[in-house]
Every structure is written in structure tokens, then in C-alpha cells.
Amino acid sequence: MPPFRGSILAVASFLAFGALLVLYGANASELIETLELDYEEFGRVGAMLSLGLGVGIIVAGPLIDRLPRRPLFVAACSLVLSATTTLGPESSYMALLLHTVAIGFGAGLYETVLNALIVEDFGAKAPRRLIFVHAGATAAAAVTPLVFEFMRASAPLYWYDTFRIAGATHALLIVGALFVPMAAPGGTRGENGKAVGTPAGVTDDSRTLAAVCLACFAYVGVEAAATLFVADHATTVLGLGEDRAARTISAFWGGLLVGRLAIGLSPRPIGGGTIAALASVAAGFFVGFGSSLFGSPELAMALIGFFLGGVFPVMIGLAGIAMPSRPGLAVGLAGGLGSLGGFIVPWLSGVIAQSTSLGFALATQGAWLSLLVAGAAIAHHRLTRV
33 MPPFRGSILA VASFLAFGAL LVLYGANASE LIETLELDYE EFGRVGAMLS
83 LGLGVGIIVA GPLIDRLPRR PLFVAACSLV LSATTTLGPE SSYMALLLHT
133 VAIGFGAGLY ETVLNALIVE DFGAKAPRRL IFVHAGATAA AAVTPLVFEF
183 MRASAPLYWY DTFRIAGATH ALLIVGALFV PMAAPGGTRG ENGKAVGTPA
233 GVTDDSRTLA AVCLACFAYV GVEAAATLFV ADHATTVLGL GEDRAARTIS
283 AFWGGLLVGR LAIGLSPRPI GGGTIAALAS VAAGFFVGFG SSLFGSPELA
333 MALIGFFLGG VFPVMIGLAG IAMPSRPGLA VGLAGGLGSL GGFIVPWLSG
383 VIAQSTSLGF ALATQGAWLS LLVAGAAIAH HRLTRV
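In my numbering, the protein residues as written are 33 to 418.
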């Protein structure tokens, strides 16, 4: 992709992607009440989003290495546009599940197209570049609940209206893609856009990729569970109003944004060791949050988000570095395993919340983050071997 136009499209796409991620959490209370759901059923909705994301990402991996990228990107955005704008007041729980899978599939597909293009274009510099591109998703996820809460203060805005608004932005992405050249498959490219192939002496490292996938599994799972349940925790457990519930989600994603930018602007090299250290701090904060040790849920979630901010873009970049001959496949596998975590962790968290308490279910996110710490540490060790 040409650097300027490609970066504009990538950031715009991740802004739209971030809005999709928080639709369910931002509408949690209304969805639970309107569709008469329990926590396990609501957790399944989040799991279906991650299932769709995972399938889309995994399918995208090998396709990106073989097929023209623009048609894949346009088809993915078109699917999201259709799935979001056809939800309405008559939609049942089963319809919501099916549409959610479709939304996730399309979003996972276009996200992976962009990730692979950036890895190909920037090589070893891809993790830092991905941090700034992925910041678009965190910015949108932080702002979206607040925007919808502001709109609700002046006019009726139902859950399906928010889906239609977020989905409609993908029409703009389709138009934008027509003006951004996307390189055909054919090897890694340097910053001048020319294919350079796999450098001599560089080999694929499947074990490092496996460690990266473990880290992605844990991170996306925790991110999805937190986004899904923290707002309802604020209202039903802590007794706070809807405005503070919305701010709790926004605080988490705002923390992710600040942490992501801080990592990206750091003069130090970015790698798995830094990610492992920061994630271990976030794990401790999550245990404290679920145990009600924080007086302010907004502060707790902002701190957790800050320490997890750099995880996903750095890990995606390291996946491409671990498999330089097949970056699309590597990015697809890492993202796909991440989405598997996004399927399993929210679902199990819903089961735990239903059988014990929502606070305990949130505290268990610290245990999931221990897998992230292990995966990131292993990847760091293998990539820094002399």
C-alpha cells in the first residue's frame, strides 16, 4: 500500500472495527432485558462474535497469500454492512447470534488483510507501525459508548440503532478501498513497496509462532470478557448508573489507547519481554478489581487497559517476524487463536458468573493473563537467542 493513503484506510478501518467490538458491552443491560437473557446466554453472544472473528481471520490467512487483496477487503466490509443494518426490533436471540457471527467474520477478514499488508510492507518495523494503526480501534472503542450515551440523552436510541450506525461506516471503507492500491501476493516488501522475498538466512520458527498464538489467545479472551461484562458489573454489582457503566468500558479502552501509544512512542525496542512484564501487572489489577479492592471501577479498568495496551499489535507483528516466508498465514493463525480465546474466555466467564458471581468471574481474568505472560516471555526468549 502507498504509505499515506494506505495508512489512512488502515486507521479508518480500525476505527470502524473498534466500534464493533464494544457494541455488545455498551448495550449490555438493554440486550439482557429486551431478549430476557441470563449471563451465560449473554456470554454466548460475545463468544459468537469471537467465533466469527476467528473464522474470518483463519480463512483470510491463506487467502491473503494467494488472492488479490482489494476484493477480499470489499467483500468483508460488505458483509459487516449487511449484517449490522438488517438487525431490528423484531430480531430474536438466535438471529442476533447468527448476525453476530457474520459481523465477526467480516471484521476478522478485513482486519487480517490490513495486518498482513503492514507486516509485508514494514518487516521488522511492523510491530511499531501496527501499534499506531491499531490505536484507531482502541480510540473508537473508548469513545463509542460515550457517543451513544450522549445521543440517548437527546433522543431514543435502541440497541439495533447503534448496530446500524456502526455498520454504516463500512460503506465509507468500501469507497475508500477503491482509491488505495493494494499489492498482490508475492512476498515481503520493503518500505519502498518492492517485493524483496524472504531474506537469506532467515527461517520460519513455528515454536515462536505457537508462543505468540498462546499470548493472543489469552489477550483477546480477556479483552472480550472485560468489554462484555464490566458495564453490567458496574450497574448490577456496584449499583452505579448507566452513565458510569458506559464510562467504565470507555476507561478500559481509553487505557488501552494510552498504553498503546506509550509503547509505540517508547525509544526502547518493543518485544515480548516488555509485554510479559506489563501483562503481569495487569493480571494483579484484574484480581483486585474483581475482588472490589478499587473504589473507582473507571480507574481500575483504565489501569488494566494501560498495561495491556501494546499486547495485540506487538504480538501480531512478532507473528509475521516468526514466519517471514508466509506472513499472511502467520498473522491469520495468531489472530485466529486470539479469536478462539475471545470465544472461550467470555463463554466460560459467563458460566462462572452464573454459578458464582460476576465479580469472581472478572477476577479470574488474572489467571487467563498468566497464559499471556508465559507466551510473550517464551517468544521473547526465542527471538533474542544469539
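Backbone N, C-alpha and C fix where the C-beta goes; we use that ideal spot for every residue, glycine too. If you're wondering where the values come from, they're calculated on a predicted model, not measured in any experiment.
Of the residues the options, the one placed nearest residue i, counting alpha carbons only
i	options	result
Phe211	Ile135, Gly273, Pro359 and Leu41	Leu41
Leu241	Ala366, Phe154 and Leu128	Ala366
Ala158	Asp236, Leu146 and Gly168	Leu146
Ile336	Glu143, Gly287 and Asp97	Gly287
Glu122	Tyr192, Phe392 and Phe318	Tyr192
Pro359	Trp285, Ser114, Glu152 and Ser82	Glu152
Arg184	Asn59, Ala395 and Gly407	Asn59
Val244	Ile281, Ala308 and Pro94	Ala308
Pro329	Thr306, Gly370, Thr267 and Gly374	Thr267
Arg292	Phe154, Ile163, Gly140 and Ala148	Ile163
Ala173	Ala334, Gly93 and Val383	Ala334
Gly382	Tyr71, Thr66 and Ser39	Tyr71
Ala247	Gly304, Gly322 and Asp275	Gly304
Ala362	Ala406, Ile150 and Glu255	Ile150
Val32	Gly327, Val207 and Ala187	Outside the shown range of the chain, which is 33 to 418, sits residue 32, and nothing can be said about it.
Leu350	Ile295, Leu372 and Ile302	Ile302
Secondary structure of residue i, DSSP reduced to three states
i	result
Arg98	coil
Phe326	coil
Glu68	coil
Ile302	coil
Pro103	helix
Arg276	helix
Gly373	helix
Ser389	coil
Gly26	The chain is shown only over 33 to 418; residue 26 falls outside these bounds and no answer can be derived.
Glu73	helix
Ser123	coil
Gly341	coil
Leu335	helix
Ser357	coil
Phe46	helix
Arg414	helix
Thr240	helix
Pro378	helix
Gly93	helix
Met347	helix
Gly229	Because Gly229 carries a pLDDT of 48, less than 50, the predicted location of this residue cannot be relied on, and no value is offered for it.
Thr117	helix
Ala80	Reading off the sequence shown, one finds Met at residue 80, where the question assumed Ala. Residue state, collapsed to three classes: helix.
Thr259	helix
Ala399	helix
Leu270	coil
Val405	helix
Val112	helix
Proximity below 9 Å, CB of residue i to CB of residue j
i	j	result
Leu52	Phe249	no
Gly340	Ala311	The sequence given here has Leu at residue 340, not Gly. In this structure, Ala311 lies closer than 9 Å to Leu340 by Cβ.
Gly199	Val112	yes
Gly138	Gly84	yes
Leu297	Gly78	no
Gly168	Trp400	no
Phe46	Glu181	no
Phe338	Tyr251	no
Val262	Gly57	yes
Thr176	Gly50	yes
Met80	Phe284	no
Leu205	Ala44	yes
Met347	Ser238	no
Gly75	Leu141	no
Tyr148	Gly342	The amino acid occupying residue 148 in the given sequence is Ala; Tyr does not appear at that position. No, the pair does not count as a contact, with Cβ atoms beyond the cut-off.
Leu63	Leu119	no
In chain order, which continuous runs of the alpha helix (DSSP H) of length 4 or greater are located wholly inside the region 127-211? 158-184 and 191-209
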